[in-house]
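**Student:** Below: one structure in structure tokens.
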Amino acid sequence: MDPEIQKMREVVLVYLDRSGGLQKFVHDCKKYNDSKQSYAVYRFIISINPSDIAELDATLGNYVLHNPLQAAQIFQSVCFVAIKTLSLIEQLQTEAQISILLKPTHLPPLPSYVLSLSAYPFNYTSQRFYMSEGIVIAMGTVTKYTQGARFLCTEETCPFSEGFRCIRVHCPGATESATVRTDFVCSLCSSPLQEDMKFRVLGDKQIVEMIDAKILNALKGYSIDKSHFRIQAFTLFLRDELANKMTIGNHYRIIGIPACVQNGLQMTACIEVNSVQLYKPNGPSFVSDNFKYLLSLTSSSCWRFTAILANIFASQVVPPGTYNTLKLAILLSLVQTCEKENADYLDLLIMTSDTLVIDRLLNYSLCLLPRGIRHPPSSDIFPSVSKDKHGTGSASIQACSAVLAKGGICYIGDLSSYKKDKLELLQSVLESRTTTVFIPGKKYGEEADQQVTVSVQTNFWSFVDVDSSSKKHTQKENFLIGQMDVSLIPVNLVDGFGLLLYNEFPSCRLSSPVVHHTLKKAINPEAMLYKVSQQFRTQDYEEFILFARNLHIELSSEAESLIQGYYLASRRVRRDSIHGSTLSASALKSLISLAKAHAKLSLRQTVLEEDAVIAILLLESSLTLKHGTSALCITPNPVFPFDLSDENSLQERDIYLMQCHHQLLKFIAAYSPGIHINTNEE
Numbered sequence: 001m002d003p004e005i006q007k008m009r010e011v012v013l014v015y016l017d018r019s020g021g022l023q024k025f026v027h028d029c030k031k032y033n034d035s036k037q038s039y040a041v042y043r044f045i046i047s048i049n050p051s052d053i054a055e056l057d058a059t060l061g062n063y064v065l066h067n068p069l070q071a072a073q074i075f076q077s078v079c080f081v082a083i084k085t086l087s088l089i090e091q092l093q094t095e096a097q098i099s100i101l102l103k104p105t106h107l108p109p110l111p112s113y114v115l116s117l118s119a120y121p122f123n124y125t126s127q128r129f130y131m132s133e134g135i136v137i138a139m140g141t142v143t144k145y146t147q148g149a150r151f152l153c154t155e156e157t158c159p160f161s162e163g164f165r166c167i168r169v170h171c172p173g174a175t176e177s178a179t180v181r182t183d184f185v186c187s188l189c190s191s192p193l194q195e196d197m198k199f200r201v202l203g204d205k206q207i208v209e210m211i212d213a214k215i216l217n218a219l220k221g222y223s224i225d226k227s228h229f230r231i232q233a234f235t236l237f238l239r240d241e242l243a244n245k246m247t248i249g250n251h252y253r254i255i256g257i258p259a260c261v262q263n264g265l266q267m268t269a270c271i272e273v274n275s276v277q278l279y280k281p282n283g284p285s286f287v288s289d290n291f292k293y294l295l296s297l298t299s300s301s302c303w304r305f306t307a308i309l310a311n312i313f314a315s316q317v318v319p320p321g322t323y324n325t326l327k328l329a330i331l332l333s334l335v336q337t338c339e340k341e342n343a344d345y346l347d348l349l350i351m352t353s354d355t356l357v358i359d360r361l362l363n364y365s366l367c368l369l370p371r372g373i374r375h376p377p378s379s380d381i382f383p384s385v386s387k388d389k390h391g392t393g394s395a396s397i398q399a400c401s402a403v404l405a406k407g408g409i410c411y412i413g414d415l416s417s418y419k420k421d422k423l424e425l426l427q428s429v430l431e432s433r434t435t436t437v438f439i440p441g442k443k444y445g446e447e448a449d450q451q452v453t454v455s456v457q458t459n460f461w462s463f464v465d466v467d468s469s470s471k472k473h474t475q476k477e478n479f480l481i482g483q484m485d486v487s488l489i490p491v492n493l494v495d496g497f498g499l500l501l502y503n504e505f506p507s508c509r510l511s512s513p514v515v516h517h518t519l520k521k522a523i524n525p526e527a528m529l530y531k532v533s534q535q536f537r538t539q540d541y542e543e544f545i546l547f548a549r550n551l552h553i554e555l556s557s558e559a560e561s562l563i564q565g566y567y568l569a570s571r572r573v574r575r576d577s578i579h580g581s582t583l584s585a586s587a588l589k590s591l592i593s594l595a596k597a598h599a600k601l602s603l604r605q606t607v608l609e610e611d612a613v614i615a616i617l618l619l620e621s622s623l624t625l626k627h628g629t630s631a632l633c634i635t636p637n638p639v640f641p642f643d644l645s646d647e648n649s650l651q652e653r654d655i656y657l658m659q660c661h662h663q664l665l666k667f668i669a670a671y672s673p674g675i676h677i678n679t680n681e682e
């Protein structure tokens with residue numbers, strides 16, 4: 001025996017003893033032994049720390065990292081000797097029956113261990129461990145594959161005609177035909193081998209498509225980053241305990257062995273996954289000094305900081321001071337994004353005649369988040385099913401805009417351009433935040449039909465072109481004061497969006513600053529037209545939003561009472577004799593979400609009454625557009641009733657919002673008398 005191999009076997013035994021792997025191995029053997037059943041293959045998973053092994057023996061560490069298949073054989077021989085010496089599995093006969101799967105805890109943080117299909121060349125022939133990361137864009141259903149099989153020689157006098165001498169075990173990247181087929185011959189006498197079917201060991205297999213996270217930049221529709229890059233999806237094989245460990249749309253880091261699988265005349269690069277880890281990038285732990293200084297200057301009021309943020313936001317696209325209500329709503333929606341279950345969502349539906357300006361504003365805002373997706377009209381918003389392209393015939397669930405926008409924004413464009421079935425599906429998703437994919441079993445080789453539920457954790461943005469929609473249908477004549485005609489869109493779908501907005505400047509009378517801004521940008525797209533664009537850069541807003549959205553927010557009792565009182569009072573006020581209250585149950589969720597978002601935008605961790613006031617005014621404005629004005633009787637633009645030009649205008653706005661607060665308390669006292677709210681007499 002090679003003395004180097006013998007030395008590595010001794011090191012393996014020492015490592016297993018020190019790391020606790022030997023104890024786990026003995027426990028796994030006990031399960032096999034207790035079953036009293038003979039298997040063709042006994043499979044063991046051994047977790048290894050490459051750093052610890054390299055410290056014990058550099059040669060073995062090199063084997064584990066760069067020649068894992070041969071390293072597994074060394075572990076296999078050690079495990080076989082341990083089983084025989086300690087009599088751990090009575091049924092085991094030969095070393096070939098042991099299958100060892102090595103799972104490294106990590107790989108060295110060096111470029112040579114990182115695999116990316118956006119980089120060239122792609123080394124898929126080395127058969128060693130690589131680390132890669134990406135987003136899951138397609139997932140197949142779980143099917144079976146052969147872990148191992150027993151073959152017997154057809155020549156009765158051959159020693160291989162009995163026992164467990166001819167064992168075939170699945171290797172990384174190998175197809176099913178490499179493990180079991182009918183043309184194998186005996187290595188001793190060259191007679192044909194025949195499989196003993198009763199000893200075939202099956203396992204679970206799942207095929208997953210992953211793509212580099214850079215794809216998100218390409219799906220934003222507009223990007224500040226002008227660099228060019230190549231992106232290609234790659235195939236992952238998840239086997240046994242890793243099946244169903246991934247979720248479509250999530251970002252993962254994987255360790256695996258690349259391989260090349262032949263499917264007909266095509267060769268497909270793939271990765272046999274060894275370990276899976278959910279990847280969650282850490283957001284910035286700071287905001288820029290300019291934002292800190294602005295926050296300190298406005299500390300005397302709970303409303304001024306967010307007012308100035310909205311006033312100067314997106315100055316690269318629209319002039320400061322224009323579209324303030326819409327920009328505030330966009331900022332609130334941006335900070336109310338996360339990947340948590342049962343999160344607070346804030347969807348926006350905008351009624352506008354200025355589709356070009358609004359589209360530019362929304363596109364610009366998308367790029368402030370890592371996952372801002374502009375939905376291309378040619379594809380599906382929600383997951384679809386297709387046949388797996390690797391020749392298995394099984395179903396594969398394809399990701400879509402809404403799933404790729406997980407924890408971010410999905411901008412779906414003009415809502416009136418979608419057909420009825422798409423709008424009904426969107427309404428269902430807005431209500432439940434899930435969508436169901438139906439997989440007909442007969443079509444995809446399964447015995448029974450399947451239904452797979454996919455979580456949709458994103459905020460939706462959309463707009464309706466008022467001019468084009470008015471041409472498509474006959475408008476109603478009996479409007480209430482403040483009400484807009486939204487009859488082109490189903491009522492329940494409009495209610496599904498948390499906020500309905502109408503921008504301030506109709507196209508027939510565009511404000512002079514917007515016209516001047518558009519013309520100057522057309523002449524020089526890269527020009528900085530305003531000083532605030534240099535003081536508060538796009539990158540500053542990106543960092544600010546990523547910081548603010550990760551704040552943990554709690555609702556104060558005063559804010560909760562104010563929200564609850566307004567909601568109950570509005571349900572009593574907004575009702576008719578036929579349908580009852582016109583206020584949907586989702587309105588309360590929208591109120592809480594708006595209030596929390598305003599607290600985040602103010603960099604506070606507690607929702608105050610002032611946050612609740614802004615939330616109520618925004619929602620009341622939205623309800624007025626849907627159903628007409630109520631007894632609360634707010635102004636058409638309640639959050640920004642006049643332009644913010646200097647400190648005096650900010651002071652006037654504070655006084656106005658205080659008056660709105662007192663008016664709101666009177667409204668609650670009149671129409672929801674059972675709610676107790678503390679009022680401060682001034």
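Counted from 1, the sequence shown has number 522 at position 522 by the UniProt record's numbering; the numbering is strictly sequential. In this text, a Cβ means the ideal position worked out from N, Cα and C, and glycines have one as well.
#1: If you draw a straight line from the C-alpha of Ser-365 to the C-alpha of Lys-600, how long is it?
#2: Secondary structure at Thr-268, three-state DSSP: helix, strand or coil?
#3: Is Cys-508 helix, strand or coil by DSSP?
#4: Where does His-251 fall in DSSP's three states?
#5: Is the separation between the beta-carbon of Ser-333 and that of Ile-409 shorter than 9 Å?
#6: Name, in chain order, the residues that DSSP records as bridge partners for Thr-85.
#7: Within 10 angstroms of the Cβ of Lys-144, are there 16 or more other Cβ atoms? Answer buried if so, exposed if not.
#8: DSSP three-state label for Asp-646, please.
#9: Would you tell me roughly how many angstroms separate the C-alpha atoms of Asn-503 and Tyr-323, rounded to the nearest one?
#10: Note down, in chain order, each residue of its chain lying with its Cβ closer than 8 Å to the Cβ of Pro-161, except the 5 sequence neighbours on either side.
#11: With burial defined as no fewer than 16 other Cβ atoms inside 10 Å of the residue's Cβ, what is the status of Ala-68: buried or exposed?
#12: CB-CB under 6 Å to Phe-80, same chain, minus the five flanking residues each way: which ones, in chain order?
#13: Who does Asn-459 pair with in a DSSP beta bridge?
#14: Here's a check: name, in chain order, each residue in its chain whose Cβ is nearer than 8 Å to the Cβ of Asn-33, leaving out the five neighbours to either side.
#15: Using a Cβ-Cβ cutoff of less than 8 Å, which residues in the same chain neighbour Arg-433 once the five nearest sequence positions on both sides are dropped?
#16: In the DSSP assignment, the beta strand (DSSP E) including Tyr-323 goes from what residue to what residue?
#17: Would you mind sorting His-375 into buried or exposed? The rule is 16 or more other CB atoms within 10 Å of its CB.
#18: Do Leu-22 and Val-64 have their beta-carbon atoms positioned less than 9 Å apart in this structure?
#19: Does the separation of the CB atoms of Glu-554 and Val-613 fall below 9 Å?
#20: For Arg-168, does the count of other Cβ atoms within 10 angstroms reach 16, so buried, or fall short, so exposed?
#21: Whose C-beta lies closer than 7 Å to the C-beta of Pro-320 among residues of the same chain, with five residues either side of it excluded?
#22: With distances taken between CB atoms, is the gap from Ile-271 to Ile-248 smaller than 9 Å?
#23: For Leu-346, decide whether its Cβ has a neighbour in chain D, counting only Cβ atoms nearer than 9 Å.
#24: Use the C-beta contact count for Gly-393: other C-beta atoms within 10 angstroms, 16 or more gives buried, fewer gives exposed.
#25: Just verifying my parser: in three-state terms, what is the DSSP assignment at Gly-565?
#26: Rank Leu-202, Leu-295, Asn-290 and Cys-29 by C-alpha distance to the C-alpha of Ile-45 and give the top, closest one.
#27: Measure from the alpha carbon of Val-12 to the alpha carbon of each residue in Ala-58, Ser-35, Ser-416 and Arg-43, then state which is nearest.
#28: Please name the residue, chosen from Gln-539, Phe-237 and Val-261, that lies closest to Ser-275 on a Cα-to-Cα basis.
#29: What residue from Ile-655, Ala-174 and Gly-163 has the CA that sits closest to Lys-205's CA?
#30: In three-state DSSP terms, what is Ala-149?
#31: Specify the secondary structure class of Leu-213 as computed by DSSP and reduced to three states.
#32: Mind pulling the alpha helix (DSSP H) runs of 4 or more residues that sit fully within the region 26-102?
#33: So, at 8 Å on beta carbons, what are the nonlocal neighbours of Ala-243 in its own chain, with the 5 sequence-adjacent residues on each side left out?
**Tutor:** The answer reads as follows:
#1: Rounded to whole angstroms, the separation of the alpha carbons of Lys-600 and Ser-365 is 17 Å.
#2: Reduced to three states, the DSSP call for Thr-268 is strand.
#3: In this predicted model, Cys-508 has a pLDDT of only 40, less than 50, meaning its place in the structure is not dependable enough to derive any value.
#4: It is a strand residue.
#5: Cβ atoms of Ser-333 and Ile-409: closer than 9 Å.
#6: In DSSP, Thr-85 forms no bridge with anything.
#7: With fewer than 16 other CB atoms across the displayed protein chains lying within 10 angstroms of its CB, Lys-144 is exposed.
#8: Coil, per DSSP.
#9: The straight-line gap from Cα to Cα measures roughly 6 Å.
#10: A quick correction: the sequence has Ser, not Pro, at residue 161. Once the five neighbours on either side are set aside, the close Cβ partners of Ser-161 are Leu-152, Cys-153, Thr-154 and Glu-155.
#11: A small correction: the amino acid at residue 68 is Pro; Ala does not occupy that position in the sequence shown. Result: buried.
#12: Closer than 6 Å at the Cβ level, and outside the excluded window around Phe-80, lie Glu-95 and Ile-98.
#13: According to DSSP, which records beta bridges pairwise, Asn-459 is partnered with Ile-409.
#14: Result list for Asn-33: Leu-88, Ile-89, Glu-90 and Gln-91, in chain order.
#15: Contacts found: Tyr-345, Ser-455, Val-456 and Gln-457.
#16: From DSSP, Tyr-323 is part of no beta strand (DSSP E); its letter is neither H nor E.
#17: Under this definition His-375 is a buried residue.
#18: No, the Cβ-Cβ distance between Val-64 and Leu-22 is not below 9 Å.
#19: A distance of 9 Å or more separates the beta carbons of Glu-554 and Val-613.
#20: So Arg-168 counts as buried.
#21: The answer, listed in chain order, is Asn-311, Ile-312, Tyr-530 and Val-532.
#22: For the pair Ile-271 and Ile-248, the CB atoms are not nearer than the 9 Å cut-off.
#23: Absent from the structure is chain D; it holds one protein chain and no more.
#24: By the 10 Å Cβ count, Gly-393 comes out exposed.
#25: Note: Gly-565 maps to helix in three-state DSSP.
#26: Checking every option, the nearest Cα to that of Ile-45 belongs to Cys-29.
#27: Just measuring C-alpha positions, the residue of Ala-58, Ser-35, Ser-416 and Arg-43 sitting nearest Val-12 is Ala-58.
#28: Here the closest residue by C-alpha is Phe-237.
#29: The option with the nearest alpha carbon to Lys-205 is Ala-174.
#30: Strand.
#31: Before going further, note that residue 213 is Ala rather than Leu in the sequence given. Here Ala-213 sits in coil by DSSP.
#32: List check, alpha helix (DSSP H) in window: 50-56, 58-66 and 68-86.
#33: Val-142, Asp-204, Lys-205 and Gln-206.
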